[in-house]
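Down below is the structure, laid out as structure tokens.
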Amino acid sequence: MGSMTEPPARRLLLVHAHPDDESINNGATMARYAAEGALVTLVTCTLGERGEVIPAELQHLTGPALGEYRLGELSAAMRELGVQDFRLLGGPGRYLDSGMMGLADNDDPACFWRADVDEAAARLVEVILEVRPQVLVTYDENGGYGHPDHIQAHRVAMRAADLAAEAGWTIPKIYWNRVPRSLGEQAFERLAEVLPGLPFDKPGVLDDVPGVVADERITTEIDGTAYAAAKAAAMAAHATQVTVAEPYFVLSNDLAQPVFTTEYYELVRGERALGARETDLFAGTEATS
Ligand SMILES: [Zn+2]
């Protein structure tokens, strides 16, 4: 095969639950690696058909119509980040949004929460064997904050990594999305000060932010300053779910949160680069092809 058909040397795979999670958690990271020529592959597990819609003029969208609309938002967000390879696990609509924990929606056999983990993981294994990523990014075992689809995305991603290893591709590094507690606390203190000047009425709390852990657990930080505008634009593209007033945003609960342009990770599998926090998710993987 000639060089024109060779895939990019660095390949990053992200597994998320709903459209918008990728931009909120990893928008700057995705934009950076896409700009640097890495292959950035996003796998989203559901279309978020049960998401609450913010704009009044779009609140007629529910169910499959909302899912289709959110696929369009995801596509627009990926344009903002420069990411071309984004997929829905098993194809659009294969797994339905499960809604919040405890709701009857979670009993729907078609929802992602009820999906067989091995069966869903097998679909992700196909992607892993095709893309052969050196880095996988997903949530921790609590899905960052306890949403059933996020917990299930974690289970499916971790199971798929194991199954892919048995099938011939071991992903060298696996990371979970994180926010260091001290930084989160500072950000919400600042938010309280500037809130009167923002178009949002109420502040959120750090407990609303997924993946917050003690600072010591952070292994890696990606400085996204150069991609802050791309991240904000990608988040804004998910207008049914997110309203952005940089550097803050709200979800449908209308509680203001900071946009983190430096994004943080905990390496849970693989070799950590020597020294202080890593500043590159691919650190130490150069020899892997
Ligand atoms: Zn989500």
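Note that the numbering used here has the sequence shown beginning at 360, numbered continuously upward. Using N, Cα and C, we set each Cβ at its ideal position, and we do this for glycine too.
In angstroms, rounded to a whole number, what distance separates the CA positions of residue i and residue j?
i           : j           : result
residue 615 : residue 566 : 13 angstroms
residue 457 : residue 611 : 17 angstroms
residue 371 : residue 459 : 29 angstroms
residue 396 : residue 441 : 10 angstroms
residue 649 : residue 531 : With the chain covering only 360 through 648, there is no way to say anything about residue 649.
residue 496 : residue 624 : 8 angstroms
residue 521 : residue 376 : 19 angstroms
residue 369 : residue 492 : 7 angstroms
residue 642 : residue 631 : 8 angstroms
residue 489 : residue 483 : 10 angstroms
residue 424 : residue 408 : 8 angstroms
residue 443 : residue 401 : 9 angstroms
residue 450 : residue 552 : 44 angstroms
Buried or exposed: residue i, going by 16 or more other Cβ atoms within 10 Å of its Cβ?
i           : result
residue 659 : The first residue shown for the chain is 360 and the last is 648, placing residue 659 beyond what the model contains.
residue 556 : exposed
residue 590 : buried
residue 399 : buried
residue 419 : exposed
residue 380 : buried
residue 434 : exposed
residue 579 : buried
residue 525 : exposed
Answer with yes or no whether the minimum CB distance from residue i to chain D is below 9 angstroms.
i           : result
residue 575 : This model lacks chain D altogether; it includes just one protein chain.
TODO: Check whether the segment 458-476 touches the segment 501-518, taking contact to mean three or more Cβ pairs, one atom from each stretch, closer than 8 angstroms.
DONE: They touch, by the three-pair rule.
Open item on the list: Report the start-end ranges of each beta strand (DSSP E) in the segment 469-517 that is 3 residues or longer and not cut off at the edges.
Closed with: Listed in chain order, the complete beta strand (DSSP E) runs (minimum 3 residues) inside the segment 469-517 are 494-497.
Task: Any heavy atom of ligand 1 within less than 5 angstroms of residue CB: hits in chain order - done: Summarising the contact set, residues whose Cβ lies nearer than 5 angstroms to any heavy atom of ligand 1 are, in chain order, 376, 377, 380.
Open item on the list: Which complete beta strand (DSSP E) runs does the segment 606-632 hold, if anything under 3 residues is left out?
Closed with: Counting only runs of 3+ residues, the beta strand (DSSP E) found wholly inside the segment 606-632 occupies 607-609, 614-617, 621-628, in chain order.
Task: Contained beta strand (DSSP E) runs [length at least 3] in the segment 512-561, N- to C-terminal order - done: Every beta strand (DSSP E) of 3 residues or more that sits fully in the segment 512-561 is shown, in chain order, as 532-539.
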